[in-house]
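Visitor:
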Amino acid sequence: MKTKHVVAAIIEKEGKILLARRAPGEHSAGLWEFPGGKQESGETLQQSLEREIFEEFGVKIKAGELFLRTETVVDDFYLILYALKAVHLNGDFEPTVHDSIVWVNPKELKEYKVPKPDMPIIEKIYSNTTLPL
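For what it's worth, full-length UniProt numbering labels the leading residue of the sequence shown as 1, then goes sequentially.
#1: So residue 74 packs on residue 117, CB below 8 Å; how close in whole Å?
#2: Which stretch, first to last residue, makes up the alpha helix (DSSP H) that contains residue 124?
#3: By alpha-carbon positions, which one of 51, 15, 67, 17 ends up nearest to residue 41?
#4: Quick one: using the 10 Å Cβ neighbour count with 16 as the cut-off for buried, is residue 77 buried or exposed?
#5: Taking C-beta to C-beta, are residue 45 and residue 113 nearer than 8 Å?
#6: Candidates 128, 59, 107, 2: which alpha carbon is nearest residue 89's?
#7: Would you say residue 96 and residue 43 are within 8 Å of each other, going by their C-beta atoms?
#8: Buried or exposed for residue 126, please, with buried defined as at least 16 other CB atoms from any protein chain shown within 10 angstroms of its CB.
#9: Report the rounded CA-to-CA distance for residue 72 versus residue 79, giving the unit in angstroms.
#10: Is it the case that the Cβ atoms of residue 62 and residue 87 are separated by a distance below 8 Å?
#11: Output the boundary residues of the alpha helix (DSSP H) element that contains residue 55.
#12: Give the secondary structure of residue 18 by DSSP, where H, G and I count as helix, E and B as strand, and everything else as coil.
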């Protein structure tokens with residue numbers, strides 16, 4: 001079974017957290033996710049997340065510390081997901097692999113249908129008394 005290392009951004013702005021909905025034709029289309037993508041060889045987790053967010057939205061972020069690491073079997077591969085705290089530095093979000101974005105109050109995150117690997121991130125955010133950032 002192949003292993004994939006994936007990074008996800010927990011971006012907070014004005015007390016809300018960014019979720020993005022996968023566009024039709026994309027893997028997990030219609031589901032909301034913490035945006036990110038595959039870690040490339042030679043990249044740190046932070047470099048990978050900063051690159052992925054720029055590619056997916058055209059914005060610059062500063063990726064910070066690890067919030068949560070999860071392991072899940074998805075289809076025919078073993079997925080290791082690293083959720084990192086991140087800060088939006090500049091640029092307007094222009095989705096390319098998503099058809100919508102939303103800034104969500106942390107207490108409303110459970111109202112959004114997310115892929116299995118993202119569920120533990122929401123659970124950990126709920127278990128905190130404050131935002132993860």
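Note that beta-carbon positions come from the ideal geometry of N, C-alpha and C, so glycine has one too.
Guide: Quick answer:
#1: 7 Å
#2: 119–127
#3: 51
#4: Residue 77 comes out exposed.
#5: no
#6: Considering only alpha carbons, the answer is 59.
#7: no
#8: exposed
#9: 5 Å
#10: Closer than 8 Å, so yes.
#11: 45–57
#12: strand
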